[in-house]
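Here's the structure, in structure tokens; my notes come after.
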Amino acid sequence: MSDDCVFCKIASGDIPAALIYQDERFVAFHDLSPQAPVHVLVIPRTHYTSLMDVKDAAVLGDLLEAAKTISSQLGIAGTGWRTVINTGQDGGQTVMHLHVHLLGGRFMQWPPG
Ligand code: 5GP
Ligand code: ZN
Numbered sequence: 273m274s275d276d277c278v279f280c281k282i283a284s285g286d287i288p289a290a291l292i293y294q295d296e297r298f299v300a301f302h303d304l305s306p307q308a309p310v311h312v313l314v315i316p317r318t319h320y321t322s323l324m325d326v327k328d329a330a331v332l333g334d335l336l337e338a339a340k341t342i343s344s345q346l347g348i349a350g351t352g353w354r355t356v357i358n359t360g361q362d363g364g365q366t367v368m369h370l371h372v373h374l375l376g377g378r379f380m381q382w383p384p385g
């Protein structure tokens, strides 16, 4: 837990949020500023500053498995969806707690900006 991290506070319940998924290691909730009909953030409960901070590759596999489970739960597994992990300044990362964006519910354009 990082004291000044908003996502740590959401995961711990210190900041109330409507969690749409939770297990022992991961939590998911709707993005504050949705960019698609479905825009969910999936995070590990453990504080990793970014993808670069993760030493155990199994964490990343399990994080993506959680995203798959959530896509089924939200009814978009069949129509498809996009995962985005922004990393660092040029990656556009604004919250320094590792998170996967799960976007769907419409056709997603490519390339990103
Ligand atoms: P990043 O730009 O770091 O990849 O994504 C951070 C995301 O977190 C943004 O899409 C932003 O809208 C979302 N966000 C930032 N603060 C909060 C918050 O307090 N609650 C929720 N639900 N989303 C947040
Ligand atoms: Zn954190």
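The sequence shown lines up with residues 273 to 385 when you count with the numbering used here.
In this text, a Cβ means the ideal position worked out from N, Cα and C, and glycines have one as well.
Owing to the predicted nature of the structure, the values given are computational and were not obtained by experimental measurement.
Bridge-paired residues (DSSP) for residue i
i    : result
Q294 : V299
T355 : L374
I315 : V299
A310 : First, the residue type needs correcting, since residue 310 is Val and not Ala in the sequence shown. According to DSSP, V310 bridges with G376.
Residue i versus residue j - alpha carbon distance
i    : j    : result
V372 : M380 : 16 Å
G352 : L346 : 11 Å
V238 : I282 : Since the displayed the chain opens at 273 and closes at 385, residue 238 lies outside it and no answer follows.
F301 : G333 : 19 Å
G364 : R378 : 22 Å
I348 : T355 : 13 Å
D325 : G350 : 32 Å
E296 : W382 : 34 Å
I357 : E337 : 15 Å
A289 : P384 : 28 Å
I342 : Y293 : 7 Å
S284 : D276 : 13 Å
Burial state of residue i (16 or more Cβ within 10 Å)
i    : result
A330 : exposed
D274 : Note on identity: in this sequence residue 274 is Ser, with Asp being the wrong assignment. Under this definition S274 is an exposed residue.
P316 : buried
L291 : exposed
I287 : exposed
G376 : buried
S344 : exposed
Rounded distance between the beta-carbons of residue j and residue i, thought under 8 Å
i    : j    : result
L304 : L370 : Not really, about 17 Å apart at Cβ, beyond 8 Å.
V310 : L335 : Not a contact, Cβ separation roughly 17 Å.
V367 : V278 : 6 Å
Which residues end up in the neighbourhood of the ligand 5GP when you take C-beta atoms closer than 5 Å to any of its heavy atoms? V278, D303, L304, S305, N358, Q365, T366 and V367
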